Structure formats: C-alpha cells, structure tokens
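Visitor: Pasting a structure here, questions to come.
Next up, the structure:
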C-alpha cells in the first residue's frame, strides 16, 4: 500500500516542474533602455524590464567607458562628460547627442543627450 504514495508525490512534483521558466532563457531578454540619467560620478540606465544598471566614473575622469554593472544587462557604454555642477542630475533622451552612448547586444549604438529647447 505504500507504493501509490511515492508515485503520487512524483507526479505532483512533475506537474510543478512544468511551471518553471526554462533554465536556458536569458535574463532580461529583449529589454531596452527606458531611462538614462547622467550624474557627476555615474550614469544610470533603467531598462524596460525594471533593471537598474550603473556606469561608474573612475576617479575624476572627464570621459569614461566600460560595461554596465549591477544588473543583468552587460551593455558596453561610453560617457563623454560628467554632469555639470550647476545641474548634477540630467535626464537624457535618445538621439539628442552623445553624452552617453550605449551599445546593444546586436551592436546598435544609441546616443543619449540633453534635450535642447526649440526656439
């Protein structure tokens, strides 16, 4: 009589395993930058999947580059300048310059800059 209990337990566990995501699915697949903000010592990138990545300024470098950290999106980046003292937090928009350039996994480079007011 003890044979059906292990079989039932095995079937229940098999049913639960079907609900798990595949182990080979990459984290953040298809995520794109939703917001880029330039600070004096970092640039932050919030992705469409909610991940927040950072590009930390090494020392007093005027320009810096590397790979985004602190998140599952290891995109290469380039920062042309830190935010000025007068405006230490600058939200950037895509296509408005090259203050921050992000390179997607497929090699597409997108520049982000401060929006210039139209006259």
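Numbering (the UniProt record's numbering), first residue to last: 1 to 119. Backbone N, C-alpha and C fix where the C-beta goes; we use that ideal spot for every residue, glycine too. Bear in mind the structure is a predicted one, so any value in this text is a computation, not a measurement.
#1: Determine, using beta carbons only, whether residue 56 and residue 42 come nearer to each other than 7 Å.
#2: Is the region 84-98 touching the region 55-70, taking contact as three or more C-beta pairs under 8 Å?
#3: Under a Cβ-count criterion, where at least 16 other Cβ atoms within 10 Å of its own Cβ denotes burial, should residue 82 be classed as buried or exposed?
#4: What separation, rounded to the nearest whole angstrom, lies between the Cα atoms of residue 121 and residue 50?
#5: Based on Cα-Cα distance, which residue from 62, 70, 73 and 68 lies nearest to residue 80?
#6: So, residue 36 versus residue 100, is the Cβ gap smaller than 7 Å?
#7: Put residue 68 into one of helix, strand or coil per three-state DSSP.
Guide: By the coordinates alone:
#1: Yes, the pair counts as a contact, with Cβ atoms nearer than the cut-off.
#2: Segments in contact, no.
#3: So residue 82 counts as buried.
#4: Summary: the structure shown does not reach residue 121, with the chain confined to residues 1 through 119, and so no result is reported for it.
#5: Comparing C-alpha distances from residue 80 to each of 62, 70, 73 and 68 shows the shortest one belongs to 62.
#6: Yes; because the gap between Cβ atoms is below 7 Å, this pair is in contact.
#7: Looking at residue 68 - three-state DSSP - the assignment turns out to be coil, as it is neither helix nor strand.
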